[in-house]
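> In our numbering, the protein residues as written are 50 to 296. Beta carbons: idealized from backbone N, C-alpha and C, even for Gly. Dropping the structure in here first, questions after.
Pasting the structure below:
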């Protein structure tokens, strides 16, 4: 099955803690992964940041929200137990627990920093299912994609010489080439049948990278790539980079 969102984890997590015993977060993660019948692959699936397993992150956020609503309390680092308030909520036999459920508690409202009046800018249903980290990741992707599209358009509006120089700056920032002066002399000077320039792979100039730097409107076709590969072979080159503004 798909990995449940963090609000779907809430009720099973509170039920898990209903024995009034102290539990570690790791215990809860393992127990709930079994309850949701997650595969090994699903249990190990990482967040885009690569810092934590997605399911473990969602369980941790569910516990964090419970703590803010005083449904559970931390007993020591990474350990928690249910409170009387948490038991009282379970005694009502809820079919589901989500953030809306927790808003009945003043402490959670303060944590959320929300107004009692209905906000005109309500988050979407999909956003409601996301942990704060996941919401940040979505916002970051939207901003990154927008910035990338704007940069591509600005590059296309500039001259071919500007694009070639931009490629030099990019490669230098990645650690290639000796100096800006040396790299500047290399790019755009060979004009050797499909090769726009040559740049040192390292500061010592022990190996070279052949470059094709072209602004392109449509998709780059096979003929262009084959031409570049042929030019590499003609120069007995082992490494080449084809950089373009194409999608």
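Assuming residue 58 and residue 134 form a contact by the criterion Cβ under 8 angstroms, report the distance between their Cβ atoms to the nearest whole angstrom.
Not really, about 19 angstroms apart at Cβ, beyond 8 angstroms.
> Give every residue of the same chain whose Cβ lies closer than 7 angstroms to the Cβ of residue 166, excluding the five residues on either side of it in the sequence, and list them in chain order.
Since pLDDT at residue 166 reaches only 42, below the 50 mark, its modelled position is unreliable, and the value read off the structure follows with that caveat. Closer than 7 angstroms at Cβ, skipping near neighbours: no residue.
> Is there a C-beta anywhere in chain C that falls below 8 angstroms from the one on residue 62?
Note that chain C does not occur in the displayed structure, where there is just one protein chain.
> Rounding to the nearest angstrom, what Cα-Cα distance links residue 146 and residue 123 in this structure?
Using only the alpha carbons, I get a separation of about 20 angstroms.
> Indicate the three-state DSSP secondary structure (helix, strand or coil) for residue 106 in the structure shown.
Three-state DSSP puts residue 106 in a helix.
> Just mark residue 46 as buried or exposed, buried being the case when its beta carbon has 16 or more other beta carbons within 10 Å.
Residue 46 lies beyond the residue range present for the chain, which begins at 50 and ends at 296; the question has no answer from this structure.
> Anyone know if the C-beta pair for residue 65 and residue 81 falls short of 8 angstroms?
Against a cut-off of 8 angstroms, the Cβ pair of residue 81 and residue 65 comes out as a contact.
> Return the Cβ separation of residue 212 and residue 264 in integer angstroms, given the expectation that the two are a contact with Cβ distance under 8 angstroms.
The pair is a contact, with the Cβ atoms about 5 angstroms apart (cut-off 8 angstroms).
> Of all the options 94, 95 and 109, which has the alpha carbon lying nearest to the alpha carbon of residue 75?
Per the Cα distances, 109.
> My guess is that residue 200 and residue 143 are in contact by the Cβ rule of under 8 angstroms, so how many angstroms apart are they, rounded?
That belief does not hold up - the Cβ atoms of residue 200 and residue 143 are roughly 49 angstroms apart, past 8 angstroms.
> Go ahead and label residue 182 buried or exposed: buried means 16 or more other beta carbons lie within 10 angstroms of its beta carbon, across all protein chains shown.
Per the 10 Å Cβ criterion, buried.
> Is it true that the CB of residue 103 sits closer than 8 angstroms to the CB of residue 89?
No. Outside cutoff.
> Residues bridged to residue 72 by DSSP?
Answer by DSSP bridge pairing, in chain order: 129.
> Helix, strand or coil for residue 150 per DSSP?
Reduced to three states, the DSSP call for residue 150 is helix.
> Compute the Euclidean distance between the alpha carbons of residue 293 and residue 260, then round it to the nearest angstrom.
For residue 293 and residue 260, the distance between alpha carbons rounds to 11 angstroms.
> Between the Cα of residue 187 and those of 131, 278, 97 and 115, spot the shortest distance and give me the residue it belongs to.
If we check each option's Cα against that of residue 187, 97 comes out closest.
> Considering only the alpha carbon of each residue, which of 273, 223, 132 and 101 lies closest to residue 70?
Checking every option, the nearest Cα to that of residue 70 belongs to 132.
> What's the gap between the Cα of residue 224 and the Cα of residue 262?
Distance between the alpha carbons of residue 224 and residue 262 is about 18 angstroms.
> How close, in whole Å, do the beta carbons of residue 258 and residue 216 come, if the pair is a contact with beta carbons under 8 angstroms?
That pair is no contact at about 11 angstroms.
> Alpha carbon to alpha carbon, how far is residue 86 from residue 105?
Near 14 angstroms, if we compare the C-alpha coordinates of residue 105 and residue 86.
> Would you tell me roughly how many angstroms separate the C-alpha atoms of residue 190 and residue 53, rounded to the nearest one?
One C-alpha to the other measures close to 22 angstroms.
> Can residue 77 and residue 63 be called in contact, C-beta distance under 8 angstroms?
For residue 77 and residue 63, no; Cβs fall outside 8 angstroms.
> According to DSSP, simplified to helix, strand and coil, what is residue 52?
Coil at residue 52, not helix or strand.
> Answer yes or no: do residue 281 and residue 248 have a C-beta to C-beta separation smaller than 8 angstroms?
Cβ atoms of residue 281 and residue 248: not closer than 8 angstroms.
> Can you look up residue 118 in the DSSP assignment and give me helix, strand or coil?
DSSP places residue 118 in coil when its eight states are reduced to three.
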